[in-house]
Amino acid sequence: MSPLAWLLGAFLLAGGLLLLQRLRERYKALPVANMVLWQQALQSSQVRSLWHRFRHWLTYLFILVIALLLWLLAAAPQWSVNDQQALKLYYLDASAYMTAGNRFAEAKHQLLADIEQQPAANRRVLLGDLETRLLLREDEQSALLPARLETVRAQLQPSRFSAWLRQIQQQNPQRPLRVFYYGYPTQAPLSVPTTTLLQVVVAHASAPLTNNQGITSFGKQITADGKHIRVYLEVAQSDPTVTAPRLQWFLDERPYQPQRIQQLATTEPGLLRYELVIPRSLGSHLRVRLITNDNFRGDDHASLTMTDSTPLRIVLSEQAPKLFMRVLAADPGLQQVSDAEQADVAVRRSGEAKSDLPTWVIGAPTTTPSLSFASNSARTSVSSPETMLQQVFGFDVATLTQRLGQPPSLSWQPQNKSLYGQRQLLMSPDWLQQKSDIVDSATFPLLISRGLNWLANRQSLSYAKIAEQPTLPVNAQGELQLKPFFTRTTGQKWQQQTLNPALLEMPLTALKTTATAEALAAVASDVDSVKPHRPLANYLLLLVLLLLAVEWLAVQRGWIP
Amino acid sequence: MNAPLPFDELFNADFLSRLQHLSLRLSRAQRGGRLAEQRTTARGQGLEFADYKPYIAGDDLRAVDWHIYKRLGRLFVRTFEEQQDLPVYFLLDLSASMFVESPPRINSALRAIMALAAIALAQQDNITLLTASDSLEVSLKSLSGKNNTMRVATTLSEYQAQGQGQLGEVLKQVSQYPLRRGLLVVVSDFFDSAGSTAVAQQLQQIPHKLLLLQLSKDYDADPRRLAGLSGEVSLDDGEQAPLNITINANLMNRYQQAYQQHQDILTKFASDYGAGFLKLDCDTDELDQLSDLLGSGGPLL
């Protein structure tokens, strides 16, 4: 509450009490013969003076002081944000920039040093990953933080600090907050205007990337004859004077030297565009690597599939979970079909009719969430289901454990249960229960999408669209802005064509699910639940009780009417 | 407003019997009255020897002192004090303030007047009942003889509160009223809106001997003894608009100062002008208090 509002309330209280004092005057009729003498006494007692006219000043003073103290307790006006009143949020940014070099380790080290000097009250440590996780609560000891920081690392993802800051400011407009930022303070993350209640302090600023080169676009277009694929590559350089980048090409993970790479003319300094045409029969998976020395590998490689660009066709059984239908609607790389003859992958429950397609089966309930893989080929190349989950799906067991609330049971399905040698994925229905928050998370649609692609034996692609210098392409909502792919048209003019990439090719943060916003809101609301440490309130309450006792004593002894 | 005492309580055998030993005496009553019991400066019939004077034609030969004639050869006659009656005027304050309290001060006033009137009538004095409200009124005039005691009681029992209590104005009218000089007994609380000083100034103009009976209560001097006098009170004397006040220590002190000043004015007047003054406590027996004043048998004034 602002001081002005508090003062207004105080005046209203004083006026109301004054009115009550007036109202409570009720005269007792008393017949006396000597009234003329009382008149003389009244006239001689200077009743018109301000001091004596207000006869119950002591009573009024008592009530007013008590009421104002209670009002002070309830309103808690914020004359200024000081360290004791503000909630301190330590935000460790785990975005892509922090993956470069040992930036993230330096930031963690600085964070640990700062936290050790802070008392546990009114401070909270947050990890700026996809969902802004809580690393240390306000009531936890700082000694717990080092072990927790060991398990976290920066990811190839844009910073969500700006979005998180904006959201937390909107949801807590009256809450004094001090945010200490540990990361790469580019212009975008700190674009949120700070107020007297919200102050952002860059506690640790990682060194900026210099001479950065990165792949900003990597797209494809099938030629008219259908036999070739035209590949477009865009490379951005922070320093235009740097020599042309060195590119390494791989086709199905074998070194490949394109016969002709055409460099296209661009008007933007530091932006290089290339075009090459490759016969589709040469391979199915094309990867390019940018050889740089900028110490930031997140944007140094990209890949795409050459063989099949048509959406994966999925047939859902009648009792298939609704969640699959939502994922199919959100992912343009997946298409729901009704005819099993046209489908590539089927999704059904365990009791429903089987098909000879690769199938995602929702099995019988188990004690723990389980996921089983059945494949002829995968077993030979992947050592364990955990590795399988890590390499093919891009998830680690720790993340899933955190989301599920318990470790998942991962296993290989016995070979004989695989029909016709097709891949099969058996998932227990516990994953879809509302008791775990993975269902509403932003990562679960990705798990489904990658699982369906794995069933169809489609290779997942590396993350291709990451960074531009100097800032990440983040829009106002904090989401990664996908740069449009470009294609060449007649007249030597470049026409931009926006391609809607499949989930398979998208970074996690590009998923527009409500779950992310809800997760952020949950964190923000949780921040609001942290009560500021107010030792003064205890003394004020004590003073109120003391005054009440004195007033009771005064009334009992007749000192005040 | 409380009703005054009924006739039965005023004309009461027990009450009247207690008056037997009381007398109302002045050192010198004015001459010109009829024969009675009050000593006067008049010479005439009587038992008390006063003086000798030379005989002149027409003097009663029985008063000639023959012993002086034998020694001096001249005729002297003895003269005697002539005892006459005393005109006693009762001025009763009938303002509303005399009736408002419980018990009202008028009760004590009526008993006091009844007692004094009975005594005066018993000693053949002449009594007149005057009332003070907004103006002077004569209720009974020039009554004498014990047979009029009942008439006095009847009149007293019929009094009701009247007017706003302009005692100063009424005293002014009394001073201008053609009355034979006598004793004026003023029975009042002496709380006058014009102030005590104005009352005292009017009393100075009264040509009669004065006996002031001030009807008082204990809380007049010490208001803390008045039950209910705390916090916000609305005082009402029945004469003026109620007075809303809040009792506090400061106001109490100022009231006591006003009361003391009021008393000082009355006692100083009585002292300076030789008037009798009796502060009659309305909550104790009136006759006991009057006995102290009248019981010695000596002259009152």
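Protein sequence lines, in the order shown, are assigned to chains A and B.
Per our numbering, residue 1 is the first one in the first sequence, and the count goes up by one each step.
Per our numbering, residue 1001 is the first one in the second sequence, and the count goes up by one each step.
Backbone N, C-alpha and C fix where the C-beta goes; we use that ideal spot for every residue, glycine too.
Go to G451 of chain A, then tell me how far its alpha helix (DSSP H) extends in each direction, as first and last residue.
Here the alpha helix (DSSP H) through G451 of chain A covers 444-455.
Considering only C-alpha positions, which residue in the set A:A107, A:L68, A:S142, A:L89 is nearest to L165 of chain A?
Answer by Cα proximity: A:L89.
With a threshold of 8 Å on Cβ separation, who are the neighbours of L547 of chain A within its own chain once the five nearest residues in sequence on each side are excluded?
For L547 of chain A, same chain residues with a beta-carbon under 8 Å away, outside a window of 5 residues either side, are F62, V65, I66, L69 in chain order.
Start and end residues, beta strand (DSSP E) containing G1276 of chain B
Per DSSP, G1276 of chain B belongs to the beta strand (DSSP E) from 1276-1281.
Buried versus exposed call for H1021 of chain B [16 or more other C-beta atoms within 10 Å across all chains shown]
Exposed, since its Cβ has fewer than 16 Cβ neighbours within 10 Å.
Within its chain, find whatever has a CB closer than 8 Å to the CB of T1267 of chain B; leave out the 5 residues flanking it on each side and keep chain order.
Apart from sequence neighbours up to five positions away, the residues of its chain that approach T1267 of chain B with a beta-carbon distance below 8 Å are F1277, ordered along the chain.
Applying the 10 Å Cβ sphere with the 16-neighbour rule, what's the burial state of V1138 of chain B?
Exposed, since its Cβ has fewer than 16 Cβ neighbours within 10 Å.
Drop a sphere of 10 angstroms on the beta-carbon of F393 of chain A, count the other beta-carbons inside from all chains shown, and report buried for 16 or more, exposed for fewer.
Under a 10 Å Cβ-count criterion, F393 of chain A is classified as buried, with 16 or more other Cβ atoms of the shown protein chains found around its own Cβ.
Taking H204 of chain A as part of the beta strand (DSSP E), name the residues at either end of that continuous run.
Run containing H204 of chain A: 198-205, per the beta strand (DSSP E) assignment.
First through last residue of the beta strand (DSSP E) which encompasses S411 of chain A:
Its beta strand (DSSP E) spans residues 409-412.
What does the alpha-carbon distance come out to for the pair G219 of chain A and R123 of chain A?
The straight-line gap from Cα to Cα measures roughly 46 Å.
Terminal residues of the continuous alpha helix (DSSP H) containing G1168 of chain B?
1167-1176 is the extent of the alpha helix (DSSP H) around G1168 of chain B.
Determine the direct distance from the alpha carbon of W360 of chain A to that of I314 of chain A, and round the result to whole angstroms.
Roughly 10 Å separates the two Cα atoms.
Collapsed DSSP secondary structure at N1248 of chain B in the structure displayed:
The answer is coil: DSSP assigns N1248 of chain B none of H, G, I, E or B.
Hey, G363 of chain A and M306 of chain A: beta-carbon distance below 8 Å or not?
G363 of chain A places its beta carbon 8 Å or farther from that of M306 of chain A.
Per DSSP, P279 of chain A is paired with what?
Per the DSSP secondary-structure output, P279 of chain A pairs in a beta bridge with A:H228.
Any idea what DSSP makes of L73 of chain A, helix, strand or coil?
Of the three classes helix, strand and coil, the one that applies to L73 of chain A here is helix, per DSSP.
Output needed in chain order: residues of the stretch 25-38 of chain A with a Cβ under 7 Å from some Cβ in chain B.
Of all residues in the stretch 25-38 of chain A, E25, R26, Y27, K28, A29, L30, P31, V32, A33, N34, M35, V36, L37, W38 have a Cβ within less than 7 Å of some Cβ in chain B.
Assuming N453 of chain A and R423 of chain A make a contact with CB atoms under 8 Å, what is their CB distance in whole Å?
Not confirmed; about 11 Å, so no contact.
Under a three-way DSSP split, which group does N538 of chain A fall into?
If DSSP states are grouped into helix, strand and coil, N538 of chain A belongs with the helices.
Is there a Cβ of chain B sitting closer than 8 Å to that of Q556 of chain A, yes or no?
When Cβ-Cβ separations below 8 Å define contact, Q556 of chain A makes no contact with chain B.
Can you find a C-beta in chain B that's less than 8 Å from the C-beta of L42 of chain A?
Yes - at least one Cβ of chain B is within 8 Å of the one on L42 of chain A.
Looking at the unbroken alpha helix (DSSP H) that takes in S1196 of chain B, where does it start and where does it end?
DSSP places S1196 of chain B inside the alpha helix (DSSP H), whose first and last residues are 1196-1204.
Which residues DSSP lists as bridging Q424 of chain A, in chain order
A:T359, A:A374.
Under 8 Å Cβ to Cβ from Q477 of chain A, same chain only, skipping five residues before and after it: list those, please.
Residue confidence is low: Q477 of chain A scores 43 on pLDDT, short of 50, so the model does not pin down where it sits. No coordinate-derived value is stated.
With distances taken between CB atoms, is the gap from L87 of chain A to L126 of chain A smaller than 8 Å?
L126 of chain A is positioned such that its CB atom lies no closer than 8 Å to that of L87 of chain A.
Excluding the five sequence neighbours on either side, which residues of its own chain have a C-beta within less than 8 Å of the C-beta of T1155 of chain B, listed in chain order?
Excluding sequence neighbours, T1155 of chain B sits near L1129, S1139, L1140.
Under the three-state reduction of DSSP, which class applies to Y1219 of chain B: helix, strand or coil?
In this structure, Y1219 of chain B counts as helix in the three-state DSSP scheme.
Using a Cβ-Cβ cut-off of 6 Å (strictly less than) and excluding sequence neighbours within five positions of L1226 of chain B, which residues of its own chain qualify?
Cβ within range, chain order: Y1219.
In chain A, what lies closer than 8 Å to I1245 of chain B by C-beta?
By Cβ distance, chain A contributes W38, L42.
Mind listing the chain A neighbours of Y1259 of chain B? Cutoff is C-beta to C-beta under 8 Å, in chain order.
The contacting residues are N34, L37.
Is W559 of chain A buried or exposed, if buried means 16 or more other CB atoms sit within 10 Å of its CB?
Flag for W559 of chain A reads exposed.
Please list, in chain order, all residues of the same chain as R273 of chain A whose beta carbon is under 6 Å from its beta carbon, the five residues on each side excluded.
Cβ within range, chain order: E234, L264, T266.
Determine whether the Cβ of Q1124 of chain B lies closer than 8 Å to any Cβ atom of chain A.
Chain A contact via Cβ: absent.
Return no unless some Cβ of chain A is closer than 8 Å to the Cβ of L1251 of chain B.
Yes - at least one Cβ of chain A is within 8 Å of the one on L1251 of chain B.
Pick from B:H1208, B:A1221, B:A1115 that is closest to A33 of chain A, judged by C-alpha positions:
Restricting attention to B:H1208, B:A1221, B:A1115, the CA atom closest to the CA of A33 of chain A is found in B:A1221.
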